[in-house]
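Count along the sequence shown starting at 1, add 23, and that's the number in this note's numbering.
We put the CB at the ideal spot given by N, CA and C, even for glycine.
Here is the structure we will look at.
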Amino acid sequence: MSKKVTLRRYKRMRRRRIIRAVLVVLGVLVLAAGIAAAVYFITRTTSKSATTRFLASTSGAAEVYVYDDYEKRLFRTSTDISRGTEVTLTDETYTENGRTYVVVKCGEETFYVKETCLVTDINDIVQEKEKWVRTSVTVYENYEGPEIVSFIKKGEHLVLTGYDELLEDGNVNMYEIDYNGIKGWVYGKYLVDTEKQANAINEEIYAIHKDRVFGGSDLHGGTAADLDWFPYEHPHFEDNPILEDARCMYLNIKSLETLERYLTLAKENGVNSICMDIKDGQLVTQFDCAAELSPTSNTVYGHQPEAVDAAVKRIKEEGFYLICRIVVFNDVLYGGDHPEACIDSEESTQTWPSGYSRDVWYYNVRLAEEVIQRYAPNEIQFDYVRFPEESYRMSESGTTDFKNVYDEEKCEAIQNFLFYACDYIHRYHVYVSADVFAECAGKYISAYGQYFPAISNVADAVSAMPYTDHFGTTVDTWTDGYTTVNDWAQRCAARQTEIETPGIARTWLTCYNVPWWRPTVTCDERYFGDQARALYDAGVTGGFLSWNGISNYTIYEQMAPAWGFNYGTGTGDPLRTKLNDRGQLTY
């Protein structure tokens, strides 16, 4: 079987070899008689082997040939062999059209390879020296952590100076780059070989979205033409299958004090997942990254670390898929510590860290990383992934400083944050979801930078919030949960068909009473079930989460059976016997 060595592994091997070589040299200084043996040892460790080489190339697939006995000449092999594959040299060479090929063995197969494509040093495997940016990229300080150096936009030219490791297909995971003196690391999947390729767009998908605006008005959130529409590969981790049909109970920070009754209710009523708050106004507990990056946040928290550890242990013991929720940009405590990262506007007194701020990005991804290391959740959910609701007025004023360092539109910044968060968090085999306003399923970019297709194209799951009492007060939308949610869900389903790699549409549903308008509404099994049915009937089948900001146990009891209904269609569907001709639950 062929072998491939990653640069990280090679560097560890090389460090060990250097240490061994130093020890040998010290022995030489002490004992002159050992010189010959020491020289032999050092010579042996400077290359992989006298008889083995690595396949090198300017692309993921190595340039490898086979000899055709009938045609009496070489042909490029139809089977891709990844660069970085280790091959064994033979004593044979072959010359064709003035070019010499070395005959090598790869397992049981014989191949012909140009001499320039055989190297002893793993650093020489990757032979390309330049790339162009197809999708705007975050520049990382190193290939191991989430520290951000800079940001480079689409179409720019990069000089390549190194790489971290090869993927199975021979493509580079991350390149070390130099961009006009900016040095760091970027993901190879966003780079291409030519300037023309870099400036190209995904034309079919781009054409669907590029001209969409709100009634001819500029909401200042950006345009769909500013966004990236190339496919983004959503991972499927074998050791952590994503939840495709969620029946999720939301637990706020305080509810952990009486966790057992929630878990019992969940187990008895078909709940398969728990969404637990990590940061929403305050932290659930203290975190090392908060102590470093937002000290005030670490003084305002819900529980001692041991209590949260125990709660997470119980949730996982009961077999629930664990989603850890982090509120991102609506963070008063972080904003108080870092006013330089916040939007500065006379139109609002709210402390709101800017969606453009890379320091805010970094803090929230560092927090997610620490949550993963401590609690091992299945998924990180980012909420408030947007600019403030007052963004239109702020932009119209002309006096607001959004702290826009890299000249991005608001929708670009939100999508770019998700690229950054997903790329890093996926390293841990953990999924990323994003919460959005229901409005962003419309055919325009919202003033606060959310657009459902752009977010769904990157996040593994998108959780919109079509709360029945949020569609206005002049028209009764809150008493007829089925119609209100179904109307919205049809728009959502349409948006999902307009991109090549949609995430799972998993929806927050109204799980609270509406007592402030007439007629009043009580959230019970029927009311919640009507909303859920509306989703599935519209083709939005990724499941749902119960939104009750205070995790009201009494209301959860009232609507509990609705978690477990089979909302699919077909013979034997237990819910169908309870539906009237409008799709509403009846008794």
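query, result
"Beta-carbon spacing of Leu306, Ala313 below 8 Å", "yes"
"Under 8 Å between C-beta atoms of Val172 and Val162", "yes"
"Nonlocal neighbours in the same chain, by C-beta distance under 7 Å from Ala221, ignoring five residues either side", "Trp155, Val156, Arg157, Lys177, Gly178, Val215"
"Exposed unless 16 or more other CB atoms sit within 10 angstroms - verdict on Val87", "buried"
"Alpha-carbon to alpha-carbon, Asp300 and Val136", "56 Å"
"Residue burial classification, Ala512 (beta-carbon count within 10 angstroms, cutoff 16)", "buried"
"Rounded separation between Leu602 and Arg514 - CA only", "In this predicted model, Leu602 has a pLDDT of only 47, less than 50, meaning its place in the structure is not dependable enough to derive any value."
"Alpha-carbon to alpha-carbon, Ala73 and Ala55", "Any answer about Ala55 is weak, because its pLDDT of 39 lies below 50 and its placement is not dependable; what the coordinates show is given next. Cα to Cα, Ala55 sits roughly 27 Å from Ala73."
"Bridge partners - Ala269, DSSP secondary structure assignment", "Gly566"
"Close-in-space but distant-in-sequence residues of the same chain around Ala269 (CB under 6 Å, 5 per side omitted)", "Ser296, Arg529, Gly566"
"Buried or exposed by the 16-neighbour rule on C-beta atoms within 10 Å, applied to Val485", "buried"
"Residue environment, Thr111, which counts as buried when at least 16 other CB atoms sit within 10 Å", "exposed"
"Residues that Val142 bridges to, as DSSP identifies them", "Phe77"
"Alpha carbon of Asn120 to alpha carbon of Leu97, nearest angstrom", "10 Å"
"Distance, Thr423 Cα to Leu390 Cα", "29 Å"
"CB contact flag (Tyr324, Thr308, <8 Å)", "yes"
"His180 versus Leu242: straight-line alpha-carbon distance, rounded", "32 Å"
"Close-in-space but distant-in-sequence residues of the same chain around Ile205 (CB under 8 Å, 5 per side omitted)", "Val162, Val172, Ser173, Ile175"
"heavy atom of the ligand SAM below 7 Å from Asp492 C-beta", "The model depicted lacks the ligand SAM and carries no ligand whatsoever."
"Beta-carbon proximity list for Lys426, same chain, < 7 Å, skipping 5 on both sides", "Ala364, Ile366, Ser377, Tyr379, Ser380"
"Three-state class that DSSP yields for Tyr93 in the structure shown", "coil"
"8 Å Cβ shell around Glu218 - same chain, five flanking residues per side excluded", "Trp155, Gly178, His180"
"Length of the line joining the Cα atoms of Phe77 and Ile200", "23 Å"
"Helix, strand or coil at Val351 [DSSP, three-state]", "coil"
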